[in-house]
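Structure first, commentary second.
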Amino acid sequence: MYYKPKPLVVVPMEDNDKIDTEANWKEFAKLLRATNREGYDQLLQTLGGKTDFKTAPASHKHHLAIKGGLCQHSLNVNKYALHLCTLVGISLPSDSITIASLLHDLCKIHFYKIKAELDKEHKDKTGDWRKREMYVVEDKFPMGHGEKSVILAQQYGIKLNIDEALAVRWHMGFSSPDSQSMAFKQAWSNPLVQIVAMADQLAVTYEDNVFMKKKDV
Ligand SMILES: [Fe+2]
Ligand SMILES: [Fe+2]
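So the working numbering is basically just the index in the sequence shown, starting at one, shifted up by 37.
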């Protein structure tokens with residue numbers, strides 16, 4: 038008589054349809070179109086037709102780790118960036134705010150995939166371990182974070198000016214692994230860099246509090 042292990046229960050991903058991905062994509066496209074920046078149409082065609090941008094999560098287990106989280110997060114950063122400009126009374130080109138905010142996390146395209154992994158924190162009601170569907174990182178183009186977003190934006194056809202490229206590159210602000218570098222210190226004096234980095238941080242905080250209240254299964 039041999040012990041025959043039971044297959045582990047797989048818990049499907051929870052709350053994965055919270056976001057209206059089509060409505061968000063329309064809003065994203067409308068904002069980008071309004072900038073009238075050279076190459077915006079090519080970028081939208083590529084993002085909407087050849088990538089997972091509309092449905093990708095914003096992180097694998099932190100903020101907006103749900104379907105459509107990346108596009109939602111990008112819109113949230115744009116919203117906070119505009120609020121911050123009003124709050125501090127700073128006037129920046131609106132197309133630059135839109136472009137840098139909406140494109141800052143392009144590096145997360147084709148970056149996450151859903152996989153059933155052993156859930157080491159919970160057992161089911163019978164005391165058995167189980168697997169839980171979750172996002173895991175699978176970076177097919179390991180080129181960093183902000184720097185990768187700059188490269189992808191240009192590859193997808195839109196032209197970034199210097200301020201926008203810096204704001205996208207350094208959007209992690211002081212959380213950037215190379216925030217001690219001279220390049221970051223110089224870039225941080227740029228107001229668009231500061232606004233986008235702070236908007237990103239605010240959006241992450243808001244998203245953690247509002248969207249990510251998990252229920253146990
Ligand atoms: Fe980011
Ligand atoms: Fe972000």
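Beta carbons: idealized from backbone N, C-alpha and C, even for Gly.
The shortest C-alpha to C-alpha distance from residue 208 to any of 155, 219, 194, 234 is the one to 234. The straight-line gap separating the alpha-carbon atoms of residue 56 and residue 246 is approximately 16 Å. For residue 117, the enclosing alpha helix (DSSP H) begins and ends at 106-125.
Of the residues 157, 145, 158, the one whose Cα lies closest to the Cα of residue 174 is 145. By the criterion of a C-beta distance shorter than 7 Å, residue 239 is surrounded in its chain by 117, once the five residues flanking it on both sides are discounted.
For residue 62, the three-state secondary structure derived from DSSP is helix. Looking from the CA of residue 65, the closest CA among 136, 223, 231 belongs to 136. Looking at the DSSP output, residue 171 shares a beta bridge with 152. Counting only runs of at least 4 residues, the stretch 182-246 fully encloses the following alpha helix (DSSP H) elements, listed from N- to C-terminal order: 183-192, 199-206, 219-224. An exposed status is given to residue 99, since fewer than 16 other beta-carbon atoms sit within 10 Å of its beta-carbon. For residue 59, the number of other beta carbons within 10 angstroms of its own is below 16, and it is reported as exposed. Per DSSP, the continuous alpha helix (DSSP H) segment holding residue 87 begins and ends at 77-87.
With respect to the 8 Å criterion, residue 237 and residue 120 are not classified as neighbours on the basis of their beta carbons. A distance filter of 5 Å between CB atoms and the heavy atoms of ligand 2 selects the following residues in sequence order: 142, 237.
Taking 8 Å as the upper bound for CB-CB distance, residue 165 and residue 104 are not in contact here, some 28 Å apart. Residue pairing for residue 160: DSSP places it in a beta bridge opposite 166. Leaving aside the five residues that flank residue 77 on each side, the residues in its chain whose CB is nearer than 7 Å to its CB run, in chain order, 69, 70, 195. The criterion of a C-beta distance shorter than 8 Å is satisfied by residue 185 and residue 178. With contact defined as three or more Cβ pairs closer than 8 Å, the stretch 196-206 and the stretch 224-234 are in contact. Linking residue 50 to residue 157 through their CA atoms gives a straight-line distance of about 16 Å. The C-beta separation of residue 62 from residue 85 comes to about 6 Å, placing the pair in contact by the 8 Å criterion.
With at least 16 other beta carbons inside 10 angstroms of its own, residue 110 counts as buried. The Cβ atoms of residue 113 and residue 139 do not sit closer than 8 Å to each other.
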